[in-house]
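Residue numbers (the numbering used here), protein chains in the order written: chain S, 1 to 593; chain D, 594 to 948; chain F, 949 to 1369. Just so you know, even glycine gets a beta-carbon here, dropped at the ideal spot from N, CA and C. Bear in mind that the values here come from a model prediction, so they are computed numbers and not experimental data. Since the structure comes first, as C-alpha cells, the remarks are kept for the end.
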Amino acid sequence: MDVATLRRAVTVGLVGGLAVWHLSLVGMVQAFQTRPIITNYVSFGELLPVLVIPIVGFWASGSRGATSPRSSAGTVMSGAVAGLALGAMIALLCFFIEALHPNGMLINATPPLVQDLRIGFDTLPGTLIQLLGGAAIGAAAASLRIVPPTASRIFVVAAGTMLGFGVMKNLVFQLLSNMGFNSGATFLYQGDGLSLPGALVLFVGTAAVVWLWATRSAGVVSSYRALPRQNRQIAKIAAFGVAAVVIVLLPTVLGPFLSDVATTVGIFILLGLGLNIVVGFAGLLDLGYVAFYALGMYSIAVLTSPVSPAFHPQLNFWLALPIVMLIGAGVGLIVGAPVLRLRGDYLAIVTLGFGEIARIIFLSEWMTPYVGGANGIQGIPAPSILGIIFRDQPGSAPGGVYYPLLAAIVIAALVARSLYNSRVGRAWAAMREDETVAEATGINTTVYKLLAFSLGAVFGGVAGAFYAAKIGVVFPQNLDILISINALALIILGGMGSIAGVLVGALVLVGLPGILREFAQYQLLIFGAVLVAMMLFRPEGLIPNRSRRAELHEADEEPAEGTGGEEAPGTVANVSRLVTESASVRTRPGGSP
Amino acid sequence: MAMVRRLLGLHERLSVVDVVLALLRIGVVVLVVTGVWATLNKGTFTLKAWESLAVSGVALGAVYALIALGYTLVYGILFMINFAHGEVFMSGAFTAYYVAQWLFLSGFLAQNPVVAFLIVLLVAMLVSATIAVVLERVAYRPLRNAPRLVPLITAIGASLFLQNTFRGLYGAGVKAYPSWPMFTGSLHFGDVEIRVTQIVVFVAAILLMLGLYWFIERTRTGRAMRAVSENKDVAAMMGINVDRVIMTTFAIGGLLAGAAGILYTLLFNQVLFSMGFVPGIKAFTAAVLGGIGNPVGAMVGGLVLGVLESIGPYLLLDGFNIPTPNQLTTVVAFLVLVLVLIFRPTGILGTKDAT
Amino acid sequence: MQRLLRWSATITVLLLVLAACAAPGASPSSSAGGSAVASGQDPTTVCAADPFGCVKYGPTDPINLGTSLAITGANSSLGLDSQYGVKVAIALRGKVAGHDVKETDTDDGCSADGGTTSATQLKADPTIVAVVGTSCSSAGIKAAEILSASGIFLLSPSNTAPSLTDPASHQPFYARTAHNDKIQGAAMADFACTVLKVKSAATINDGSPYAQQLQQVFADNFKSKCAGTITTQEAITVGQTDFNSVLTKIAAGKPNLLYYPIFVAEGALITQQAKQTAGLEHTILAGADGIQTPDFLAAAGSAAEGMYMSGPDLAFSGTFYESTFIPKYKEISGESAPISVFHAHAFDATNMIFDAIEKVKLTDAAGNLYIPRTALKDAIFATANFKGITGNLTCNSDGDCANAKISVVQVKSGKYVRIWP
C-alpha cells in the first residue's frame, strides 16, 4: 500500500474521529443510551460511534486519490487503517477525560461517557476493543467494496432494516398491535428494543427478500414493461388506491399519540407546500415564514374563540377559514410589495426580520388587549361537521384534526401542482433562472413575485389555523424562528420545488423527532448538519424535480466561468433551453412533480 | 413636477408598487416626526436620561461595528452573507469564559488583571478566527460557484450547527464572566456619566478598526484583499492566491468578532449559546446601513444602529402611548433595515462599487 | 390566473357548505368526572363503573409514574431539581401496594407547546397511573387540560400561576403542592409594607404567565394593604440583554422597590444593569422563586448582594429533611446541594400519589393490581393533614394542596439567608 493511500486512510480516520468526538461531547452518545436497539445487548448510544466507523472505512477505501490500482488486500487494509485511526481517537478521548476531568467545561465529558465509549469494559480491554474493533469494522466496511455488489447490498439493507426497526420500536409496535398482530409484536420486541430472536429473524428475512429481488427483479420489471399501456395504467391506479386507503385509515391504526405526531407532520406538510411555492417555485428565499403561520393562528383564535379579548365574533371554523385566507393574502401583498424588489440575500434577512417582528408584536404588552399577550388566547373550539368533532377528545373522530387537515393538504397539493404546470409556473421558472431575461421576455416579475408571496401566506395561514384548531390555545412563545427553519429544512431535504419532496422532508424532519423523543434536544443540531450536508452533496434534495437538478448542477459543468455567486449570465442559449424545457414539461404526460 | 416625482422616489413609469412605496415614504416620515415630537412633549425622560441612553447606544454600537466589519469584508469578496458570523462572535466569547474563570479561580486575575484580560481577549480572538476559517474551508469553499441560494442556506445550516454544538458542549445555562477590577466605576464628562467599561469598549473598538484600516491600506495582504474584492479573476491572473486571501479575510473577520465578543461581555457580563444570533442580524443591519462592502460604512453603520436602538424605541413610540416600547427594540432595528434596503440600498456611505 | 380564480371559487363554496353543515362548535370539554364507588371489592364492577376505567398491573409489573418537568433548556435546574425529589421519594418508599415503581420522564419544555407534547406522549401510555408535573405554569395549563380529558392525574410541584386553580378554569384532574402565587404576591407585598416599609414600587415581568400574574398580585396587594403606589409595571422579552431604556424609564418614577419575579438569564442582567442605572442606586431590588438558584448568584455576581427574594419556605420542621432527604438527594443527583427550591414539593407530591394508590387499590384472585382513576383523583383531593416535608398538606376542591408558607431570603455574602418571617 503506497504512502498516499495510507495518508488518506489516516486522514479520513482522524476526521471520523473528530466526528465521534463531536457526537460524544455534545451528549448524543449518552442521550441515546436509553434507546436500546437490541434489548440488553446494544443501545443506540453505543451504536452511534460504531456507525461512524463503517462510513469512514468505506470512504477511505475508495479509489480516489490512489496512485496505483488497488488490490483487494490494499482496499481492506486502508479500511482497517482508517478504522484503527478512529479507534485511536476514541481511546484518546477516553484518556483525556480520565486525566483532566474537563466536565466543568465540557459538561458531557464525564466518566459515564467513558464507560459508554468503552462499552462497559475496563480501561485495558476497553481500549483494545476500541482499537481492534475499529480496525476490524473498518476493514469489514472496506471489504464491501470487493465482494459482489449483491452481497454488499444485502448486508447493508438487512442491517439498516434491523437498525430501523430497533430505533422505531414505538411506531412499529403500535402499528402491529393496532392491526391485530400482537403475537408478532411481542416476538419482535422485548422491553424498549428488539428482542434477540426478533433481530435475527429481521436480518435474515430482509436479506432473503433483497436477494430474491436482486436475482428475480429483472424478470418482474421486464414483464411489467411488456404489459399493454392500459394495464399499466390500471396497476398505477390500483397502487394509488391502496396508498389512499392506507392514508385514510392511518389514525385508527396509529393510535392516539402517533396520530398526534401524524397531525403535526401534516401541519408541516402544509407549511412546506406553501414555502415551496415561495422558495421552490419562485426562488424567493423567505426566512420569516412563521409570520404567516402566526397570523393564521391568531386570526382563527380571534375569530372563533369566545374568550378572545377585544373582538369575539365566535364564528364557525369553516366560515373563519376563508377569512383567514383572505387576511393572509392581504398581508402577504402588503408585506411583499415593498420588499420584493430586493435581491436574494437581502430578501432573506428582511423576511427573517419579519418573522421575529411577528413574534415580538404578538408577545408585546402593546398588543395584549387584542391578542392576549403572554397568556395567549384560549378556548378555541374544535372544528366539527354534522356533529363529528375533530379534536383529540373522548368520543370524537379518530386522529383529531387529521381528516380536515388531510383534505386541506390534498387541495393544497393539487393547487400547487396545477399552478406549476400553468403559465404562472413557467413564469416563475423563468424568473428563477434569470430575472433580467424574464423581464425582457415580457413577464411582469413584480406581479408574479407578489402572487407567489401571497399564496405562500395563504398556505401558511391555513396551517396556522389548523394548528390552533388542533391545540385549542395559542401562545406567542411557540412562534420561534424554529418553525421557519423547520419548514425551510424540510423542503431543502425533500427537494425545492418538488411536492413529493415536501412529504418526504416532513416525514423525516418532523415525524422522526416526534417519534424519537431523544432527538428533540438535538433537533436543531441535526437540522443544521442536514442543511449543510444537503447543500454540499445534493442541493436538489432527495426527490428532486428534473429542471431543478439541471439548474443546480449546471454550475458544476462550467466551473471556470464567471465570478462565483453572481447570477448566471442570461444568454440566448439559456432562454431557448428554458422554452424547450417548459414546452416539454407540458407535453410529457405525468412528468411533473 | 419632476422634482416632486424624484422626491417621492417615483420612477418614470408609474406602477402600483411605486405608489405604494411613495406612500410608505411619506407615512414613515410623518410617523417619525409625530412620534418624536409627542415623546419630547410628554417628557418622560430628562435630557440626562437621553444622554445616558445615547452613551450606552454608542458603546453597544461599537460592538456591532466590529461584528459588521466581518460581514462587510466577506461580502466585499464573495458577495455572500455569512449568516454564521453571529456564531463566530459567540464562540470566542463563550470559550474564553472558561479561561477567564480559571484565571479568576487561580487568583491570577486578582494579581495581574490587565495581563489576564489580554489573555482572555487573545483566546477569544483566536478561537473565533479558527472557527471562521474552518467554516470557510468546509462549508463555503466547495460552493463558491453555486447559485446564490445555495451558500446562503449552507450558512444558515452552519449557524444552527455551531450554535447547537456549543450548546451541547457547554450546556444551555448562562455563564457569567468575573468582573475586571480595573474596569469598575465611571467618569463624569460635564453632565454625563460614562462608565469605564463603556469607554474601554469604545476605545478598543476604535483601535481595532484603525488597525484594520492600516492593515487593508498599508500591507501587502491588505492590498491583495482589495484586489480580490475588486475582481477575483484578474487578481488571480496577477498571481494572487485567491483562496489564501479569502481565508485571510475570514480570519480577520473572526478576529474582530472574537474581540467584539469580549467587549460585549464587558457590557453585559453573560455568555449564552444563543447570544450570537440576534447581534449577528443587527450587525448585518449595521453593515447594510453603512453601505455593504464598505469597511468605513460598517463602522458608521454600527454606531448609528447602536444609538438608534437605544434611543429609538422610546423616542418614537412613547409619544403614541405604546406601553413598554423596549420590547419593540428589535422591531425598530429591523424596520430600520427594511427601510434602508427599500429606499437607500447602497447605505449611508454607499457601497464601494455601484452594484 | 384563471386557474387560480377557479380554485379559489371551488374552495370557497366547499367551505361554505361545510360551515352550513357544522354543528355549533364544541368547546374543549372538561369532562365531568363522577365519583366512582371505591368500596366495592370486585375489581371488574368497580372498573366498569369508573368513567375512566382502571390502570391494570400484572402481579410483577412495576407501577408506572410519569413526570413532566423542565429538564432541558435554560430552566433545567428547576425541572431537574424536582425530578430528583421524585427519585428520592421512590427510593425511600420502596414498594407501593407491593409493586416496584418506575418513572417515565418527559420534558415539559417550560412552554405550552412542550406541555402539550409531553402530555400527549404520557396519555398514550395506558400504564401511567399519574403524573408529577409540570415545572412551568405555561406548560401546566395545557398539560392539565389534556391529561384531565383522559383521566390521568397531574400533580404539580412547582406551578404557581393562580389561573390553574381558579374555579373558572380549574381542570378536574389537577392539583398542586406548590403555593398559589396569590399567596406569594400577597406575602411579598406584606413584606414590602411591614418590614421594608416602602411607599412606592415598580415591577417588571418577562411575558410568561407566571411572572405576569405574580407581579399583578403583588401590585394589587401592595396598593390595597398599605396604600402604596405602583409607579409603573413594565415588561421585557426573554432573550433581551439591554435593559437600559426600561430601567431608565423606571428610574424616572423613583420607586423605592423594584420587583421582578422572572427567570435567571434576564434577572441577572437586570440586577447588574439596575445597579448601573442613574436614579436606581437606592432602589431595593427583589425577585421571586424563579431566580432562587445558585446559577443566579453566579451570573449576577456582586450586584445581587442585598437583594431580596420570595419563595417557598424551606425551613422545614423536624429533622427528616436534613438527616434523610438531603443525603439521599445528594447521592442520587451527584450535586453538592439542591439546585432549586421545589424538590421538597415534588417529594411530597409523589408520596401523596402513593398514599392515594394504597387507599384505592384493588386486587383480584390472580394477583393483578387495579387502580381506578376517578377514585384515585377523589382520594388525592381528599388528602387532609398529610404530613409532608413542606408541612401539613390538605387539598381544597380547587386543587391547592400546599401548606403555603412563603419566606423571604436575602443575598448576604453570596448566599441566600432566610430573614422573614
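Roughly how many angstroms lie between the CA atoms of residue i and residue j, to the nearest whole one?
i, j, result
"residue 359(S)", "residue 82(S)", "48 Å"
"residue 1124(F)", "residue 1145(F)", "32 Å"
"residue 164(S)", "residue 1254(F)", "57 Å"
"residue 1355(F)", "residue 1260(F)", "6 Å"
"residue 456(S)", "residue 864(D)", "37 Å"
"residue 866(D)", "residue 765(D)", "7 Å"
"residue 459(S)", "residue 1320(F)", "45 Å"
"residue 532(S)", "residue 735(D)", "11 Å"
"residue 666(D)", "residue 844(D)", "10 Å"
"residue 160(S)", "residue 169(S)", "14 Å"
"residue 1340(F)", "residue 1207(F)", "30 Å"
List the endpoints of the continuous beta strand (DSSP E) containing residue i.
i, result
"residue 1260(F)", "1256-1260"
"residue 1318(F)", "1317-1320"
"residue 1178(F)", "1177-1183"
"residue 1207(F)", "1205-1207"
Who are residue i's beta bridge partners in DSSP?
i, result
"residue 1053(F)", "1015(F)"
"residue 1334(F)", "1341(F)"
"residue 1002(F)", "1320(F)"
"residue 177(S)", "Residue 177(S) is not bridged to any residue."
List the endpoints of the continuous alpha helix (DSSP H) containing residue i.
i, result
"residue 749(D)", "742-763"
"residue 484(S)", "481-494"
"residue 1368(F)", "Residue 1368(F) -> not in any alpha helix (DSSP H); beta strand (DSSP E) instead, spanning 1363-1368."
"residue 521(S)", "519-537"
"residue 1149(F)", "Note, residue 1149(F): premise wrong, no alpha helix (DSSP H); beta strand (DSSP E) at 1148-1153."
"residue 513(S)", "512-515"
"residue 822(D)", "813-823"
"residue 236(S)", "229-275"
Does any residue of chain D have a CB that is nearer than 7 Å to the CB of residue i?
i, result
"residue 338(S)", "yes"
"residue 435(S)", "no"
"residue 1258(F)", "no"
"residue 1194(F)", "yes"
"residue 34(S)", "no"
"residue 1220(F)", "yes"
"residue 557(S)", "Only weak support exists for where residue 557(S) lies, its pLDDT of 47 falling under 50; the value from the coordinates is given anyway. Output row for residue 557(S): interface = no."
"residue 1159(F)", "no"
"residue 1237(F)", "no"
Between residue i and chain S, is the shortest Cβ-Cβ distance under 7 Å, so that the two count as touching?
i, result
"residue 978(F)", "Because residue 978(F) sits at a pLDDT of 37, beneath the cut-off of 50, its placement in the model cannot be relied upon, and the following sentence gives the value as read from the coordinates. No, no contact with chain S."
"residue 857(D)", "no"
"residue 762(D)", "yes"
"residue 1183(F)", "yes"
"residue 743(D)", "yes"
"residue 1377(F)", "The question about residue 1377(F) has no answer here: the residues shown for chain F are numbered 949 through 1369."
Would you say residue i faces chain F, with C-beta separation under 7 Å as the test?
i, result
"residue 267(S)", "no"
"residue 98(S)", "no"
"residue 861(D)", "yes"
"residue 365(S)", "yes"
"residue 767(D)", "yes"
"residue 318(S)", "yes"
Identify the contact partners of residue i in chain B, using a Cβ-Cβ distance below 8 Å as the criterion.
i, result
"residue 529(S)", "No chain B is part of this structure, whose protein chains are labelled S, D and F."
For this session: Enumerate, from N- to C-terminal direction, the unbroken alpha helix (DSSP H) stretches of 4 or more residues contained entirely within the stretch 404-437 of chain S.
Result: 423-433
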